[in-house]
Structures are given as C-alpha cells and as structure tokens.
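Participant: Here's a structure for you.
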Amino acid sequence: MLFSEEMIRTGVDALAERVSSAYRGREFTVVSVLKGSCVFAADLIRRLPIPMELGFVATESYRDGVTSGEIELRYLPSREEVEGRELLLVDDILDTGRTLHFLQNTLIELGATSVATCVLFDKPSRRVVSMEADFKCFDVDDSFIVGYGLDFAGRYRNLPFVGELKGSVIEAATLQQSDVQ
Ligand code: IMP
Ligand code: MG
C-alpha cells in the first residue's frame, strides 16, 4: 500500500479547496476522464461547495495492462456541452501526458473557453509530451499503481486505497498473454 484511504481523503480535501477558490464565481464543468477518474471525480465534486456541471470523456490507452498504446476516443461530450464553457478535466494520473494533452486540444477545438487539468497522481519521470497539471495531489515514482479507480488490465479499481502492483503480478499476466498468442 502506498496511499491509505486517510491519506487520499486528506489530499482530496486540500485539492478541492484549491479548485473551489479558483472557480468560485465562474460557470464551469468538471469533465471526468473515464474510467480511471470516476472514483476520484465522485469524491472531488462532493467537496466543491460551488455551482458546477458534470461531464465525461472516455479514452482508452492502456489496452494490455501497463503498456501505453495509441489513445482511442470512446466518448466525447456534445459541442453544446463544451462550447463557451470553462472546463476542468479530471483524470486519475498524469503519466506520459499524451491523454490529457490530446483531450485538452480536442476540447479547445470543440469550442471550450478554457480547459484546465486536475489529477490525483503525477508521474513526472514518465512524461513524453510537455504537460503539467494545473491542480495535482501526489507525485509518484515510476511504478505501476492500482486502486481508487486505477486499474491493471481492468481490475483493482474498487480498492479503497492505492497500492503498487507487484512485478510478479505483471509478469504472470504478461506470460498468460503470450501463452494465448
Ligand atoms: P498518459 O496518457 O500516459 O498520461 O496516461 C494516462 C492514463 O494511463 C491514465 O488515465 C491511466 O488510466 C493510465 N495509467 C498511467 N499510469 C498508470 C498506473 O500506474 N496505474 C494505472 N493506470 C495508469
Ligand atoms: Mg486506465
């Protein structure tokens, strides 16, 4: 375990305060990046005592567990939901930066007035495109973490804490995959 429920709660509290002061008096929409940010976004928005709307985008980039593949867009809000709005893109973790960079550009092209980014975790050492989150909670080393919405090959999202996945679990899953191929 790397982050207990208590640590996450304290982190999200502090983050929510910063988001609230930044957006107080502004019309804005929290856009949760599915599936990974659903748990974090649900906790974050319940700590924002200011008017807001909620939207979702869905991408897929971790198709084989840990390796980063091409980003595929699965769901995007309609132009009406985006045009002229201030958006806060919320994701579980900023890794290579490709997902948020791509989504930020896509939403600006759709007519958003502004697109800021908010992540629970940041892995700065893994960055491929230049991208910093406007709001973030915890930095993590280059390890693969699961829980609180984060998955490995679709599993572990339901853990209430965040843990580092053991190398042996990743290796076993990789071996199973090559057995099939
Ligand atoms: P990026 O495009 O490389 O920044 O990847 C962002 C996405 O990769 C996140 O939304 C996560 O779904 C996934 N991801 C990156 N690192 C991890 C990790 O350590 N555990 C689980 N998912 C991760
Ligand atoms: Mg994921």
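Residue 32 in this note's numbering sits at position 30 of the sequence shown, and the numbers go up by one each step.
Where is the CB? At the ideal position from N, CA and C, for every residue including glycine.
Note that the coordinates shown come from a computational prediction; the quantities given were computed from them, not determined experimentally.
1) Between Leu152 and Asp94, which are expected to be in contact by the criterion C-beta below 8 Å, what is the C-beta distance as a whole number of angstroms?
2) May I ask which residues mark the beginning and end of the alpha helix (DSSP H) holding Val14?
3) Can you name the start and end residues of the alpha helix (DSSP H) that Ala44 belongs to?
4) How far does the beta strand (DSSP E) with Leu161 in it extend, from its first residue to its last?
5) How far does the beta strand (DSSP E) with Glu74 in it reach, from first residue to last?
6) To which residues does DSSP link Ile127 through a beta bridge?
7) My assumption, with CB atoms under 8 Å, is that Leu78 sits in contact with Val59. Please give the rounded CB distance.
8) Should the segment 96-110 be called in touch with the segment 130-150, which here means at least 3 C-beta pairs below 8 Å?
9) Put Val59 into one of helix, strand or coil per three-state DSSP.
10) Smallest Cα separation from Tyr25: which of Val171, Glu88, Gly165 and Asp124?
11) Report yes if the C-beta distance between Cys139 and Phe123 is below 8 Å; otherwise report no.
12) So the candidates are Leu17, Glu74, Val84 and Arg11; which of them puts its Cα closest to the Cα of Asp136?
13) Can you check whether the CB of Gly165 is closer than 8 Å to the CB of Val142?
14) Comparing alpha-carbon positions, which option in Glu72, Gly57 and Glu55 lies nearest Ser63?
15) Tell me whether Gly38 counts as near the ligand IMP, meaning its Cβ is closer than 7 Å to at least one heavy atom of that ligand.
16) Is the distance from the Cβ of Glu83 to the Cβ of Gly57 below 8 Å?
17) Taking the alpha helix (DSSP H) that Val33 belongs to, which residues open and close that run?
Facilitator: On the basis of the coordinates in this document:
1) For a cut-off of 8 Å, the C-beta gap from Leu152 to Asp94 is around 5 Å, short enough to register as a contact.
2) Val14: member of the alpha helix (DSSP H) spanning Glu7 to Tyr25, first to last residue.
3) That run of the alpha helix (DSSP H) goes Cys40 to Ile47.
4) Leu161 -> no beta strand (DSSP E), and no H or E assigned at all.
5) Segment Glu74 to Tyr77, the beta strand (DSSP E) holding Glu74.
6) Contrary to the premise, residue 127 reads as Ser rather than Ile in this sequence. Looking at the DSSP assignment, Ser127 forms no beta bridge with any residue, so it has no partner.
7) Confirmed, Cβ separation roughly 6 Å.
8) Contact between the segment 96-110 and the segment 130-150 is present, because at least three Cβ pairs lie under 8 Å.
9) Here DSSP, grouped into helix, strand and coil, assigns Val59 to strand.
10) Residue nearest to Tyr25 within the set Val171, Glu88, Gly165 and Asp124 is Glu88 (criterion: CA-CA distance).
11) Taking 8 Å as the Cβ cut-off, Cys139 and Phe123 qualify as a contacting pair.
12) By alpha-carbon distance to Asp136, the top candidate from Leu17, Glu74, Val84 and Arg11 is Leu17.
13) Not closer than 8 Å, so no.
14) Selection Glu72, Gly57 and Glu55 evaluated against Ser63 yields Glu72 as nearest (Cα-Cα).
15) Checking the Cβ of Gly38 against the ligand IMP gives yes.
16) In contact: Glu83 and Gly57 (Cβ atoms closer than 8 Å).
17) From DSSP, Val33 is part of no alpha helix (DSSP H) but of the beta strand (DSSP E) over Phe30 to Leu36.
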